[in-house]
Amino acid sequence: MHQILSSEVFPDQRLPVAGERLELVADVAPHSHAFFEIAVVLAGRGTHISAADEVPLQRDSVVVLRPGDWHGYTGCDGLVVRNAYLGADIFSLLSAALIPSDGPPTPAHPAVQHAMRLLEASIDEPWTLDRLATAVNLAPGYLVRLFGRTAGVSPMAYLNRLRAERAAGLLIETDLPVATVGAMVGWHDPSHASRRFRACFGLSPSRYRAAFRP
Numbered sequence: 004m005h006q007i008l009s010s011e012v013f014p015d016q017r018l019p020v021a022g023e024r025l026e027l028v029a030d031v032a033p034h035s036h037a038f039f040e041i042a043v044v045l046a047g048r049g050t051h052i053s054a055a056d057e058v059p060l061q062r063d064s065v066v067v068l069r070p071g072d073w074h075g076y077t078g079c080d081g082l083v084v085r086n087a088y089l090g091a092d093i094f095s096l097l098s099a100a101l102i103p104s105d106g107p108p109t110p111a112h113p114a115v116q117h118a119m120r121l122l123e124a125s126i127d128e129p130w131t132l133d134r135l136a137t138a139v140n141l142a143p144g145y146l147v148r149l150f151g152r153t154a155g156v157s158p159m160a161y162l163n164r165l166r167a168e169r170a171a172g173l174l175i176e177t178d179l180p181v182a183t184v185g186a187m188v189g190w191h192d193p194s195h196a197s198r199r200f201r202a203c204f205g206l207s208p209s210r211y212r213a214a215f216r217p
């Protein structure tokens, strides 16, 4: 199943908030998200499918999805939805992101975009700052500065966010043990994995699964 990553949706990683209006004229295949999604039906009809249930949709229906949830649409008949996307750590980033700046957001440096793609493609690798900097041909300190201007966090903090988002999906979609999920996203020490996951979602992996899995 395809997972839509945060970098595919949010133009400014420092403030992971986005939205769009969609006119669905055909079925939408099941897919999962690495972020929160709120969908409000503006017109038409259809059926929303997810791990929880199949729900008929009509005007003013609302769908709320957590990071890691999968869903899709079938039987779309003039279905128009307004989607709002919120990063998994939006509430911890919001206050800092709303501090007035001296100018417009700095465009992402090509090396930062390359680094993001490398991390997203292989989050289970034992990445270090030095290794990532070498891969994009930059000095570590310079990469940290460029990354901070684009994403508002360091490369390793960005990697931890990716790992937490991917782990959330695995916790909801599979029956794998928590320790196995941690290892699959690059956290091989269960205690370390639990601390990192809690820092992003405010819950331990086991409590997150218990609270949100249908």
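Count along the sequence shown from 1, then add 3; that gives the number in the numbering used here.
Glycine included, C-beta positions come from ideal geometry on N, C-alpha and C.
Buried or exposed, going by whether 16 or more other CB atoms sit within 10 Å of the CB of Val-184? buried
Span separating the alpha-carbon of Ala-37 from that of Ala-171: 8 Å
Among Arg-48, Arg-134 and Arg-24, the one whose alpha carbon lies nearest that of Asn-86: Arg-24
Starting from the C-beta of Gly-189, find all residues in its chain whose C-beta is less than 6 Å away, skip the five residues before and the five after it, and write them out in chain order. Ile-126, Asp-127 and Arg-166
Quick one, which of Glu-11, His-195, Asp-192 and Leu-174 has its alpha-carbon nearest Ser-209's? Leu-174
Which of helix, strand or coil DSSP assigns to Thr-153: helix
With which residues is Trp-73 paired in a DSSP beta bridge? Ser-35
So Gly-90 and His-34 are supposed to be a Cβ contact under 8 Å. How far apart are they, rounded? At roughly 17 Å, the Cβ-Cβ gap does not stay under 8 Å, so Gly-90 and His-34 are not in contact.
What's the call for Asp-72, buried or exposed, on a 16-neighbour Cβ count within 10 Å? buried
Let me check understanding here. Comparing Cα to Cα, which of Val-139, Thr-131 and Tyr-88 lies closest to Pro-14? Tyr-88
Using a Cβ-Cβ cutoff of less than 6 Å, which residues in the same chain neighbour Val-84 once the five nearest sequence positions on both sides are dropped? Leu-25, Ala-42 and Val-44
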